[in-house]
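*Asks:*
In the working numbering, the protein residues as written are 302 to 753.
Right, dumping it as structure tokens:
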């Protein structure tokens, strides 16, 4: 009978251990999901997590009580029979008491550790949310029964923590890095597709990325000037390469009137016969314009996405602190930053060309983030952190400290950069080669080896 009671105590200890690990390791988001599905135990488990001090005190009371009872019953109920059996052996009789105590304590300890601790905890970790929902109700009942003792223990431990200067802080928020790790683990387990991880990482990076990293610079903007004569205006409309075009009077330095959706102009042209000149007049075009959306350059891409979402037109004109036009960004540019590859009408522009010798021929306007992604470089390039440049051309100018010339080259971070072509003062094409065995350099070190 005593042996059966000891085994029952060991199983009870296992239940406490299982409950503790399940509630502590259960994901709050998963418990909330189970609660929304109608699992009342999940709501109780959430309440236990919220009152972790009372919950842990209840568990500790149970485990301590079980341990005391096992020790007392084990020595009283099992040590005597074992000692009598050992006394029958003449050469063991003098040490029968000590040997009996060691055997009984060893057996109870082994069963307590394996059956009462390790196995239950491993079982709890297999499905912590499900187990937590199942044990929450009994634990809540036990906590109410043991409330006076739990309150005394909780108050005592809180007072001691205050004396030690420890303060309970807010639970740490989920970080971007934790989400990336979860996505990587999900991809390995087959829960997520391999392509979803980089997309989620890019979305998380939007709030850290400045508009300049995806912006079309001012000198590359395709705009429509209404001060042109009708024939020149007609030719400009025929040569448009984009479906959203800024419209101005007097060029980009003049007055920006709005944004023209070329697709809205098409029905006007198709329905016109003899009045085609009137249809394409400056006054007619101006009536089709959408109000311009001006965005300060200091915003992040996440903030830009919110503004574009609330706007009637998917194009934003980017201005600096003085109100001067710096460039433009479309919704497709933001989506490209998320997907990591050119979309739509820009998809045909080969900004990165991998050559047969393993080097890369790169457009100077390529964002540095896409360059690092293509080359598999995780760390920022020297001088990139906190810099005001966002493209390969800007990086080259930063390293050289001047407007480059064709054939200028330098090595940094294990890569060799060579300027292949210049478009006046703009870096047009850059050749990038990986230097085997070259040690990456620290931020702020250019390592430039400029051609004479």
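Using N, Cα and C, we set each Cβ at its ideal position, and we do this for glycine too.
Quick check on residue 589: does DSSP put it in helix, strand or coil?
*Replies:* For this step, residue 589 is matched to residue 288 along the chain shown. DSSP places residue 589 in coil when its eight states are reduced to three.
*Asks:* Based on Cα-Cα distance, which residue from 598, 734, 603, 534 lies nearest to residue 658?
*Replies:* Taking the chain shown and counting its residues from 1, the one referred to as residue 658 is at position 357. Ranking 598, 734, 603, 534 by Cα distance to residue 658 puts 734 first.
*Asks:* Verify whether the separation of the beta carbon atoms of residue 619 and residue 630 is less than 9 Å.
*Replies:* Taking the chain shown and counting its residues from 1, one reaches residue 619 at position 318. Taking the chain shown and counting its residues from 1, one reaches residue 630 at position 329. For the 9 Å CB-CB criterion, residue 619 and residue 630 form a contact.
*Asks:* Where in the segment 462-512 do unbroken runs of the beta strand (DSSP E), each at least 3 residues long, occur, reported from the N-terminal end onward?
*Replies:* none
*Asks:* Identify, in the order they occur along the chain, each residue of the same chain with its Cβ nearer than 7 Å to the Cβ of residue 552, setting aside the five sequence neighbours on each side.
*Replies:* Within the chain shown, the letter at position 251 stands for residue 552. Taken in chain order, the residues that qualify are 526.
*Asks:* By the 10 Å Cβ neighbour count, where 16 or more other Cβ atoms means buried, how is residue 520 classified, buried or exposed?
*Replies:* Position 219 of the chain shown holds residue 520. Label assigned to residue 520: exposed.
*Asks:* Less than 9 Å between the C-beta atoms of residue 627 and residue 598, yes or no?
*Replies:* Within the chain shown, residue 627 is the residue found at index 326, counting from 1. Within the chain shown, residue 598 is the residue found at index 297, counting from 1. A contact, by the Cβ cut-off of 9 Å.
*Asks:* Can you name the start and end residues of the alpha helix (DSSP H) that residue 407 belongs to?
*Replies:* Taking the first residue of the chain shown as position 1, residue 407 is located at position 106. Unbroken alpha helix (DSSP H) run through residue 407: 397-414.
*Asks:* Please name the residue, chosen from 348, 730, 623, 361, that lies closest to residue 664 on a Cα-to-Cα basis.
*Replies:* Along the chain shown, read from residue 1 onward, the residue named residue 664 stands at position 363. Of the listed residues, the one whose Cα sits closest to residue 664 is 730.
*Asks:* For a quick check, are the C-beta atoms of residue 507 and residue 523 less than 9 Å apart?
*Replies:* As a first step, residue 507 is located in the chain shown; it is residue number 206 there, counting from the start. As a first step, residue 523 is located in the chain shown; it is residue number 222 there, counting from the start. Against a cut-off of 9 Å, the Cβ pair of residue 523 and residue 507 comes out as no contact.
*Asks:* Who are residue 661's beta bridge partners in DSSP?
*Replies:* One-based indexing of the chain shown puts residue 661 at position 360. Note: residue 661 sits in a beta bridge opposite 655, 733.
*Asks:* Quick one: is residue 421 buried, meaning 16 or more other Cβ sit within 10 Å of its Cβ, or exposed?
*Replies:* As a working mapping, residue 421 is identified with position 120 in the chain shown. So residue 421 ends up on the buried side.
*Asks:* Within the same chain, show all residues whose beta-carbon is closer than 6 Å to that of residue 367, passing over the 5 residues directly before and after it, in chain order.
*Replies:* Numbered from its first residue, the chain shown carries residue 367 at position 66. Closer than 6 Å at the Cβ level, and outside the excluded window around residue 367, lie 310, 313, 314.
*Asks:* On the CB-based measure, 16 or more other CB atoms within 10 Å of its CB, does residue 382 come out buried or exposed?
*Replies:* Counting from 1 along the chain shown, the entry for residue 382 is found at position 81. The residue in question, residue 382, is exposed, as its Cβ has fewer than 16 Cβ neighbours within 10 Å.
*Asks:* How would you write the range of the alpha helix (DSSP H) that residue 365 sits in, first residue to last?
*Replies:* Numbered from its first residue, the chain shown carries residue 365 at position 64. It spans 353-374 - the alpha helix (DSSP H) in which residue 365 sits, taken as one unbroken run.
*Asks:* Take the Cβ of residue 431 as the centre, count every other Cβ of all protein chains shown within 10 Å, and call the residue buried at 16 or more, exposed below.
*Replies:* Looking up residue 431 in the chain shown gives position 130. The residue is buried, with at least 16 neighbouring Cβ atoms inside 10 Å.
*Asks:* Does residue 690 come out as helix, strand or coil in the three-state DSSP assignment?
*Replies:* Taking the first residue of the chain shown as 1, we reach residue 690 at position 389. In the structure shown, residue 690 sits in coil (DSSP, three-state: anything other than H, G, I, E or B).
*Asks:* Mapping DSSP to helix, strand and coil, what is residue 517?
*Replies:* By 1-based counting over the chain shown, the position of residue 517 is 216. Note: residue 517 maps to strand in three-state DSSP.
*Asks:* Let me know if residue 596 comes out buried or exposed under the rule of 16 or more other beta-carbons within 10 Å of its beta-carbon.
*Replies:* Sequence index remark: in the chain shown, residue 596 carries index 295 (1-based). The residue in question, residue 596, is buried, as its Cβ has 16 or more Cβ neighbours within 10 Å.
*Asks:* In three-state terms, what does DSSP make of residue 646?
*Replies:* Here residue 646 corresponds to residue number 345 of the chain shown, with the count starting at 1. Residue placement at residue 646 cannot be trusted, given a pLDDT of 46 that sits under 50; what the coordinates show is reported in the next sentence. Residue state, collapsed to three classes: helix.
*Asks:* Report the CB separation of residue 755 from residue 444 in whole angstroms; it is logged as a contact under 8 Å.
*Replies:* What the structure shows of the chain is the stretch from 302 to 753, and residue 755 is not part of that stretch, so it cannot be assessed.
*Asks:* Compare the Cα-Cα distances from residue 296 to each of 608, 668, 617, 654 and report the closest residue.
*Replies:* Beyond the ends of the chain as shown, which are 302 and 753, falls residue 296; an answer cannot be given.
*Asks:* Where do the N-terminal and C-terminal ends of the alpha helix (DSSP H) with residue 393 fall, by residue?
*Replies:* For the purposes of this step, residue 393 is identified with residue 92 of the chain shown, where counting begins at 1. Residue 393 -> no alpha helix (DSSP H), and no H or E assigned at all.
*Asks:* Output the distance between the C-alpha atoms of residue 546 and residue 590, rounded to the nearest integer angstrom.
*Replies:* Counted from its first residue, the chain shown places residue 546 at position 245. Counted from its first residue, the chain shown places residue 590 at position 289. Distance between the alpha carbons of residue 546 and residue 590 is about 10 Å.
*Asks:* Please state the DSSP three-state secondary structure of residue 432.
*Replies:* For the purposes of this step, residue 432 is identified with residue 131 of the chain shown, where counting begins at 1. Reduced to three states, the DSSP call for residue 432 is helix.
*Asks:* Could you give the C-beta distance for residue 561 and residue 586, rounded to a whole number, given that I count them as a contact under 8 Å?
*Replies:* Counted from its first residue, the chain shown places residue 561 at position 260. Counted from its first residue, the chain shown places residue 586 at position 285. Right, their Cβ atoms sit about 7 Å apart.
*Asks:* By the 10 Å Cβ neighbour count, where 16 or more other Cβ atoms means buried, how is residue 719 classified, buried or exposed?
*Replies:* By 1-based counting over the chain shown, the position of residue 719 is 418. It counts as buried.
*Asks:* Which same chain residues, not among the five before or five after residue 501, have their C-beta less than 6 Å away from its C-beta?
*Replies:* In the chain shown, counting from the first residue as 1, residue 501 sits at position 200. Here the set comprises 484.
*Asks:* In whole angstroms, give me the CA-to-CA distance for residue 339 and residue 588.
*Replies:* Translated into positions along the chain shown, residue 339 becomes position 38. Translated into positions along the chain shown, residue 588 becomes position 287. So the alpha carbons of these two residues sit roughly 56 Å apart.
*Asks:* Pick from 660, 687, 671: whose alpha carbon is nearest that of residue 715?
*Replies:* As a working mapping, residue 715 is identified with position 414 in the chain shown. The residue with the shortest Cα to Cα distance from residue 715 is 660.
*Asks:* Within the same chain, show all residues whose beta-carbon is closer than 8 Å to that of residue 576, passing over the 5 residues directly before and after it, in chain order.
*Replies:* Within the chain shown, numbered from 1, the residue matching residue 576 stands at position 275. Low local confidence applies: a pLDDT of 49 at residue 576 is under 50, so the model's placement there is unreliable, and no value is given.
*Asks:* Compute the Euclidean distance between the alpha carbons of residue 648 and residue 516, then round it to the nearest angstrom.
*Replies:* As a position in the chain shown, residue 648 is number 347, starting the count at 1. As a position in the chain shown, residue 516 is number 215, starting the count at 1. Its pLDDT being 47, under 50, residue 648 is placed unreliably by the model, and nothing is read from it.
*Asks:* Kindly list the residues whose CB is nearer than 6 Å to the CB of residue 436, restricted to its own chain and excluding five residues on each side of it in sequence; keep chain order.
*Replies:* One-based indexing of the chain shown puts residue 436 at position 135. Answer for residue 436: 320, listed in chain order.
*Asks:* From residue 464 to residue 454, what does the alpha carbon distance come to, in whole angstroms?
*Replies:* Against the chain shown, residue 464 aligns to sequence position 163. Against the chain shown, residue 454 aligns to sequence position 153. Distance between the alpha carbons of residue 464 and residue 454 is about 15 Å.
*Asks:* Among residues of its own chain, excluding the 5 on either side of residue 505, which ones have a beta-carbon nearer than 6 Å to its beta-carbon?
*Replies:* Counting from one through the chain shown, the residue named residue 505 turns up at place 204. Taking residue 505 as the centre and dropping the five residues before and after it, the same chain places the C-beta of 477 closer than 6 Å to its C-beta, in chain order.
*Asks:* Spatial neighbours of residue 805 within its chain, please: C-beta separation below 7 Å, excluding the five flanking residues on both sides.
*Replies:* In this structure the chain extends from 302 to 753, so residue 805 is not present and cannot be described.
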